[in-house]
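Comments concern the structure below.
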Amino acid sequence: MALEPVVLSLRRPTSDKSWGFVLEGGADQGLPVFVHKVTRNGIAHKSGLEPGDVIIRICATPVTGMTHAQVKAEILRAGNDLDFTVKKRDFNVAQYNITMQQFAATNRQVEVAQNSPEPRAEIIEEHLWRHGGPTFKKVQPKSYKILEQQLPQASIGGAPPPSVFERNVDERSPYLQATEPSIQKAYGQS
């Protein structure tokens, strides 16, 4: 017993708010255009649209033979005043969901089978040492070399290494010499 098509009028004041439904199907998908989901207390829900309703017309335009993209374009063209002619609960959404889950699971299994090639060779990743192994050149900063040269002289009793603080005030750079009384003192001055 087929139910008669029903006209549902959806109205919204501005396009800021969504209609509150999801459509599936179209000629490109091999399915009739139907309502897949409806947002609870949304505009579509309050107008009487339900999951499983098959869309026959959008405003006065029949959707038979339209692709999913064409259906979406027609809804956009309608603006904020949308009239659907629907066959109530004419599509089994629960069966569609089960079929889509099975299809997705089958696709995942096929992808896994296709993407996992047989191992052809075992790859061992090890570092190859150049020239017989890890031999490192002794690296020493230049300042260490200078200190090493001067330390033996100091231990023998020679002059200690030169220091900035051992210079007389007169020998220091002119910019370090204060010509007037100052509260600043050079490091080491009392």
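So that you can map any letter, position 171 of the sequence shown is 171 in UniProt numbering, and since no number is skipped, the others follow by simple counting.
Where a beta carbon is used, it is the ideal one built from N, C-alpha and C, also for glycine.
Practice task
Just tell me which of Gln101, Ser18, Pro51 and Ile98 has its CA closest to the CA of Leu76.
Solution key: Here the closest residue by C-alpha is Ser18.
Is Ile183 helix, strand or coil when you go by DSSP? Coil at Ile183, not helix or strand.
Note to self: Using the three-state DSSP reduction, which class does Thr64 fall into: helix, strand or coil?
What the structure shows: Thr64 falls in the coil class under three-state DSSP.
inquiry  = Just to confirm the assignment: which complete beta strand (DSSP E) runs, minimum length 3, are found wholly within the region 3–70?
reply    = Runs of beta strand (DSSP E) with 3 or more residues, each lying fully within the region 3–70, are found at 6–11, 21–26, 31–38 and 54–58, listed in chain order.
With burial defined as no fewer than 16 other Cβ atoms inside 10 Å of the residue's Cβ, what is the status of Met1: buried or exposed? Because the pLDDT at Met1 is just 48, under 50, the model does not fix this residue reliably, and the value given afterwards should be weighed accordingly. With fewer than 16 Cβ atoms within 10 Å of its Cβ, Met1 is classed as exposed.
query = Can you list, in chain order, the residues of its chain whose CB lies under 8 Å from that of Lys37, leaving out five sequence neighbours each side?
reply = So the list reads Phe21, Val22 and Pro51, once near-sequence residues are dropped.
Open item on the list: Along the chain, where does the beta strand (DSSP E) containing Lys87 start, and where does it finish?
Closed with: Segment Asp81 to Lys87, the beta strand (DSSP E) holding Lys87.
Helix, strand or coil for Pro141 per DSSP?
-> The answer is coil: DSSP assigns Pro141 none of H, G, I, E or B.
Close Cβ partners of Ile43 (< 6 Å) along its chain, the five nearest in sequence each way excluded | Leu10, Arg12, Trp19 and Gly20.
- By the 10 Å Cβ neighbour count, where 16 or more other Cβ atoms means buried, how is Gly25 classified, buried or exposed? With 16 or more other Cβ atoms within 10 Å, it is buried.
CA-to-CA distance, Thr99 to Val7, given in whole angstroms: Going by the C-alpha atoms only, they are around 29 Å apart.
- Go through its chain and collect everything with a Cβ distance to Arg57's Cβ below 6 Å, but skip five positions before and after it. Cβ contact annotation for Arg57 (same chain, cutoff 6 Å, sequence separation greater than five): Thr85, in chain order.
With 16 as the cutoff for other CB atoms within 10 Å, does Asp16 come out buried or exposed?
Under a 10 Å Cβ-count criterion, Asp16 is classified as exposed, with fewer than 16 other Cβ atoms of the shown protein chains found around its own Cβ.
Notebook entry, point to check: What three-state label does DSSP hand Arg77 in the structure shown?
Noted result: Note: Arg77 maps to helix in three-state DSSP.
For this session: Below 8 Å on the Cβ atoms is my guess for Val54 versus Phe34; work out the distance and round it to an integer in Å.
Result: Correct: roughly 5 Å between the Cβ atoms.
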